[in-house]
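K.L.:
In case it helps, mature numbering (1 follows the signal peptide of the UniProt record, and there is no 0) puts the sequence shown at residues -20 to -1, 1 to 72.
We put the beta carbon where it would ideally sit given N, CA and C, even for glycine.
Bear in mind that the values here come from a model prediction, so they are computed numbers and not experimental data.
Pasting a structure below so you can have a look.
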Amino acid sequence: MRVLPTGAFVFIMMAAPALALDVGDTMRDWASASSADKDGLLRKLDAVNGGSASRDGVRSCLDDTSKAAGHSNLPIAEVAKACSDQVSRENI
């Protein structure tokens, strides 16, 4: 009896579109993501970080970093944290 609900859940998860961007992805993924996916991830990061830094400033920093040579394999979460810290310092 328990197999049916689990099987249905797995089927739904496979049929649903996957999130295109997540905090564990790399800056290469950020560079190729849609604007809507970037906004969604930034909203998720705001919820985790308390929204202390300007979302536009963090997005600009992430966009710039994704274009910098040698940064494509960095995790988005690490870069977002550094960008958030930088934007917070600039807003003081």
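1. When you compare each of 11, 69, 56 and 45 to residue 25 by their alpha carbons, which one comes out closest?
2. With which residues is residue 45 paired in a DSSP beta bridge?
3. Do the stretch 42 to 52 and the stretch 2 to 12 make contact, defined as three or more Cβ pairs closer than 8 Å?
4. For residue 36, tell me which candidate among 1, 20 and 50 has the shortest Cα-Cα distance.
5. Can you list, in chain order, the residues of its chain whose CB lies under 6 Å from that of residue 60, leaving out five sequence neighbours each side?
6. Beta-carbon separation of residue 38 and residue 67 under 8 Å?
P.N.:
In short, the structure shows the following:
1. Of the candidates 11, 69, 56 and 45, the one whose C-alpha sits nearest the C-alpha of residue 25 is 56.
2. Answer is none; residue 45 lacks a bridge partner.
3. The stretch 42 to 52 makes contact with the stretch 2 to 12, as at least three CB pairs between them are under 8 Å.
4. Nearest C-alpha to residue 36: 20.
5. Answer for residue 60: 25, listed in chain order.
6. Yes. Within cutoff.
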